[in-house]
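So that you can map any letter, position 52 of the sequence shown is 52 in full-length UniProt numbering, and since no number is skipped, the others follow by simple counting.
Heads up, the beta-carbon is just placed ideally off N, CA and C, and yes, glycines get one too.
Because the structure is a prediction, the values reported are computed rather than measured.
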Amino acid sequence: MMKLFFLLVWFAICAEQDARRKEIPNGLTLGAIALTTGYLAVTGLTWLGAPPLEGALALLLALALTLPGYTLGRLGAADVKLMTALALASNTAYLLCTFIGAGVAVLAWALIGKRVWPLIHQQVTQRYKHMNPGVPDKYPFSPFLLIGLLLTVCVCYPLVE
């Protein structure tokens, strides 16, 4: 449970950086990839306790889900690295549920964002200006991935454990 807590804290830090600055420092993403790879090599399990084959399948799945978006310019490199780190830390169920949850969150933001944004406190909207639904540029994706991961933990945790 403590490992899951640390994973969530790290993911929240990455999402906050992305929402605020529209970038995630390589130290956070590549550092997590190095840490999870090292943990996997030493213990023979992913950070959340999945066998190595499950971690490898999650890694392939993460790349299959993110590289096309990166190639088309819809996802940033940090999103690919973030999902790679999540894959190496967890399993395919966490990864898929997180990605699906993120898709639902993006859809919800697209539907209600323009109505909700003016109601949000000005300090928050200034701090997270890249999340503004009125701007034609693409949103940072990692905040939506965080929502997907939180939904996975809250709703699916007993199913994916």
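P52 carries a helical assignment under DSSP once its states are collapsed to helix, strand and coil.
Buried is the label assigned to L59, since at least 16 other Cβ atoms lie within 10 Å of its Cβ.
Boundaries for C156: no alpha helix (DSSP H) harbours it, and the DSSP string shows neither H nor E there.
Per DSSP, the unbroken alpha helix (DSSP H) holding P143 starts and ends at 142–151. Between the stretch 26–41 and the stretch 150–157 there are fewer than three C-beta pairs closer than 8 angstroms, too few to call the two in contact. Burial state of M1 is exposed, judged by a 10 Å Cβ sphere holding fewer than 16 other Cβ atoms.
When C-alpha distances from A77 are compared across L63, C156, P133, A89, the shortest belongs to L63. Distances from the alpha-carbon of A19 to those of T125, V155, P136 put T125 closest.
Between L86 and T98, the C-beta spacing is below 8 angstroms. Residue environment analysis places F144 among the buried positions, since at least 16 neighbouring C-beta atoms fall within 10 angstroms of its C-beta. In this structure, the CA atom of M83 is about 8 angstroms from the CA atom of L95. Here the C-alpha atom of L146 lies approximately 17 angstroms from the C-alpha atom of A110.
Note on the stretch 57–125: whole alpha helix (DSSP H) runs with a minimum of 4 residues are 77–89, 92–116, in chain order. It is roughly 34 angstroms from the alpha-carbon of L72 to the alpha-carbon of H121.
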